[in-house]
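Below you'll find the structure, written out as structure tokens, and then a few comments.
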Amino acid sequence: MLESYLTGLIVCGGIIVAIGAQNAYVLSQAIRQEHHWWSAGLCMTSDVLLFSLGMFGVSAALMAMPEALNALRWLGVLFLGWLAIQAFYRVIIGRAALKAGEGRTATLKGVVLTTLAVTLLNPQVYLDTLLLIPAVGAQQADGATFLAGASSASILWFGGLAWAGSRLAPWLATPTAWRVIDGVIGLMMSAIALQLAIGGL
Numbered sequence: 115m116l117e118s119y120l121t122g123l124i125v126c127g128g129i130i131v132a133i134g135a136q137n138a139y140v141l142s143q144a145i146r147q148e149h150h151w152w153s154a155g156l157c158m159t160s161d162v163l164l165f166s167l168g169m170f171g172v173s174a175a176l177m178a179m180p181e182a183l184n185a186l187r188w189l190g191v192l193f194l195g196w197l198a199i200q201a202f203y204r205v206i207i208g209r210a211a212l213k214a215g216e217g218r219t220a221t222l223k224g225v226v227l228t229t230l231a232v233t234l235l236n237p238q239v240y241l242d243t244l245l246l247i248p249a250v251g252a253q254q255a256d257g258a259t260f261l262a263g264a265s266s267a268s269i270l271w272f273g274g275l276a277w278a279g280s281r282l283a284p285w286l287a288t289p290t291a292w293r294v295i296d297g298v299i300g301l302m303m304s305a306i307a308l309q310l311a312i313g314g315l
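The numbering of the sequence shown is our numbering, which starts it at 115 and goes up by one.
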């Protein structure tokens, strides 16, 4: 049982860290302290639900609908490209230092919708959570314990991002730091979008 749990924790932790769009968005919200726990919580919940669906055989249905995956691929390219353009625009024009409770803040509804879009419009999320992870889980002695380990990885990672980002806010919420952060976010979103557009799934 412990081996299955640790396998889920380590394997899924590595995969979650590699899904850059979610990480970049949660971290940026945490630094701005704009509903970052809502954003992190939605990412955790989505992962747990998708892991569970994958373990219960949704992967077979997903593979049977290549057209849906292809449509999702191009939606992801467009959305991630738009996020990249916004980030690069902020790099060019700059923005005032943002501190907790100051400046223009995002609405809870906007944060929730963007988090869901970053999560659900990225085809890589489905491939990882519905195909790759269940394939590893199927080889474990205890599937339920593996699922618990995978879920723990998501909760620990996104919880850590939300906490660390908010703690670092006083040092990172400066115009220069924000230009660097937005530049990194823009490059990350662009790279994922290009990978999807050129390399496909």
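For every residue, glycine included, the Cβ atom is placed at its ideal position computed from N, Cα and C. All values derive from a computational prediction rather than experimental measurement.
Asked                                                                                                                                                                             : Found
Over what stretch of residues does the alpha helix (DSSP H) that includes G155 continue unbroken?                                                                                 : H150 to M169
Classify E216 as helix, strand or coil using the three-state DSSP reduction.                                                                                                      : Model confidence at E216 stands at a pLDDT of 46, short of 50, so the residue's coordinates are unreliable; what they give is reported in the following sentence. Looking at E216 - three-state DSSP - the assignment turns out to be coil, as it is neither helix nor strand.
Could you pull out every residue in the same chain whose Cβ sits closer than 8 Å to the Cβ of V191, ignoring the five residues on either side in sequence?                        : A307, L310 and A311
From M169 to A198, what does the alpha carbon distance come to, in whole angstroms?                                                                                               : 33 Å
Give a yes or no on whether the C-beta atoms belonging to M158 and S268 are separated by under 9 Å.                                                                               : yes
Kindly list the residues whose CB is nearer than 6 Å to the CB of F202, restricted to its own chain and excluding five residues on each side of it in sequence; keep chain order. : G300
Taking just the CA atoms, how far does P284 sit from Y240?                                                                                                                        : 35 Å
What three-state label does DSSP hand N236 in the structure shown?                                                                                                                : coil
In the structure shown, what three-state DSSP assignment does A291 receive?                                                                                                       : helix
Rounded to a whole number of angstroms, what is the C-alpha to C-alpha distance between V298 and T288?                                                                            : 15 Å
Terminal residues of the continuous alpha helix (DSSP H) containing L282?                                                                                                         : G257 to L286
Taking C-alpha atoms, which residue in S265, S118, L234 and G274 lies nearest to A144?                                                                                            : G274
Considering only C-alpha positions, which residue in the set L282, H150, A262 and I295 is nearest to L120?                                                                        : A262
Quick check: the Cα distance between A291 and I207, rounded to an integer number of angstroms?                                                                                    : 14 Å
Helix or strand or just coil, what does DSSP make of T221?                                                                                                                        : coil
Where does G122 fall in DSSP's three states?                                                                                                                                      : helix
Could you tell me how far apart the beta carbons of F193 and A154 are, in whole angstroms, since I believe they sit closer than 8 Å?                                              : Their Cβ separation, rounded to whole angstroms, is 20 Å, which puts F193 and A154 out of contact at 8 Å.
With a cut-off of 8 Å on the beta carbons, I'd call A255 and S118 a contact; round off their distance for me.                                                                     : 6 Å
If you reduce the DSSP assignment to three classes, tell me which class M303 lands in.                                                                                            : helix
Would you call the CB atoms of L123 and A264 closer than 9 Å?                                                                                                                     : yes
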